[in-house]
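A.B. asks: Sequential numbering from 717 applies to the sequence shown in this note's numbering. Let me give you the structure first, and then I'll get to my questions.
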Amino acid sequence: MSNYILLNKFLSSMKRIAVLVSNVGTGTNLQAIIDAVKSGQIKGKIVVVIADSKDAHGLKRAGQHHIKTSICQKKEQLLKLLKKYHPDYIALAGWKQIITNEVIDNYPNRILNLHPGLAPDSLKGKVKNPDGTYALWNRGLLTEKAVKNFLDHRSTYAGSSVHFLSKEFDFGPVLGRCFEKVRTNDTIETLYIRLKKKENQLYVRVLSKLCFH
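Next up, the structure:
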């Protein structure tokens, strides 16, 4: 078998990933995914980075690595745009637009979301921290408010979850969780800096497993 055929076979087996970003984040999850793809940890290719505005930090990161970018200013335009790139997986990385039911129906168990809390495996379920205490779901809370909630409730651990997006708000099949011990003198900023590193690693770990199959 020629090297050309082997190369084509390898490329065709690589999962196609679309990453959705916005101007509310700094693009660290996107960068973590880019680095993992380059190192071979993720057997995939980022086919497009889609942003909801032109000033999203992720667009600059994508440009530095010669990744195609696109702007989607209205949620109704997203499905048509995604179909253009045929992604196997869609990774939400700070995306703030509502994902319509139509998009979810077209990509069931293929849209990954990072939630700043410990999402349970069932709607009535609970997650336990490493020390056995119950973890906070933080359902409906965005990043800064979620981190503040850990501190306000004197939680022993903060944490985040990567799950498949579903029509149930802030819920779906959980693919992985990470935990970060809360320190006595933590502020929202200090806790989030440490948690963000764990989130980056978690996202890469989950995508790596998905793209391996």
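Beta carbons: idealized from backbone N, C-alpha and C, even for Gly. All values reported here derive from a predicted model rather than from experimental measurement.
Sort A767, I762, I820, A874 by Cα distance to R893 and report the nearest one.
C.D. replies: As a first step, residue 893 is located in the sequence shown; it is residue number 177 there, counting from the start. The candidate whose alpha carbon is nearest that of R893 is A874.
A.B. asks: Can you tell me where the beta strand (DSSP E) holding A874 begins and where it ends?
C.D. replies: Within the sequence shown, the letter at position 158 stands for residue 874. That run of the beta strand (DSSP E) goes 873–880.
A.B. asks: List the residues that DSSP assigns as beta-bridge partners of N829.
C.D. replies: Within the sequence shown, residue 829 is the residue found at index 113, counting from 1. For N829, the pairing in a beta bridge is given by DSSP as L808, H879.
A.B. asks: Could you give the residue range of the alpha helix (DSSP H) that holds L891?
C.D. replies: Mapped onto the sequence shown, residue 891 falls at position 175. Here L891 belongs to no alpha helix (DSSP H); instead the beta strand (DSSP E) covers 890–897.
A.B. asks: Would you mind reading off the limits of the alpha helix (DSSP H) that contains G774?
C.D. replies: Position 58 of the sequence shown, counted from the start, is the residue given in the question as residue 774. 773–780 is the span of the alpha helix (DSSP H), which, as asked, contains G774.
A.B. asks: Since L858 is in the beta strand (DSSP E), which residue starts that stretch and which ends it?
C.D. replies: For the purposes of this step, residue 858 is taken as residue 142 along the sequence shown, with counting starting at 1. First-last for L858: undefined, no H or E at that position.
A.B. asks: According to DSSP, is L903 part of a helix, a strand, or is it coil?
C.D. replies: Locating residue 903 in the sequence shown gives position 187, where the first residue counts as 1. Residue 903 is actually Thr in this sequence, not Leu. It is coil, neither helix nor strand.
A.B. asks: R732 by DSSP, collapsed to three states: which one?
C.D. replies: In the sequence shown, the residue the question calls residue 732 occupies position 16. Note: R732 maps to strand in three-state DSSP.
A.B. asks: Given a threshold of 16 other Cβ atoms within 10 Å of its Cβ, counted over all protein chains shown, does G810 qualify as buried or as exposed?
C.D. replies: Position 94 of the sequence shown, counted from the first residue, corresponds to residue 810. Looking at its Cβ environment, which holds 16 or more other Cβ atoms inside 10 Å, G810 is buried.
A.B. asks: Taking just the CA atoms, how far does K812 sit from V819?
C.D. replies: Along the sequence shown, one-based indexing puts residue 819 at 103. Along the sequence shown, one-based indexing puts residue 812 at 96. Spanning the two alpha carbons is a distance of roughly 15 Å.
A.B. asks: Could you have a look at T744 and say whether DSSP puts it in helix, strand or coil?
C.D. replies: Residue mapping note: residue 744 aligns to position 28 of the sequence shown, counting from 1. Looking at T744 - three-state DSSP - the assignment turns out to be helix.
A.B. asks: Can at least three beta-carbon pairs, one atom from the stretch 821–835 and one from the stretch 876–895, be found at a separation below 8 Å?
C.D. replies: yes
A.B. asks: According to DSSP, Y850 sits in a beta bridge with which residue or residues?
C.D. replies: For the purposes of this step, residue 850 is taken as residue 134 along the sequence shown, with counting starting at 1. Bridge partners of Y850: K844.
A.B. asks: Would you mind sorting H831 into buried or exposed? The rule is 16 or more other CB atoms within 10 Å of its CB.
C.D. replies: By 1-based counting over the sequence shown, the position of residue 831 is 115. H831 comes out buried.
A.B. asks: Check whether the stretch 900–914 touches the stretch 847–867, counting contact only when three or more Cβ pairs, one atom from each stretch, lie closer than 8 Å.
C.D. replies: The stretch 900–914 is in contact with the stretch 847–867.
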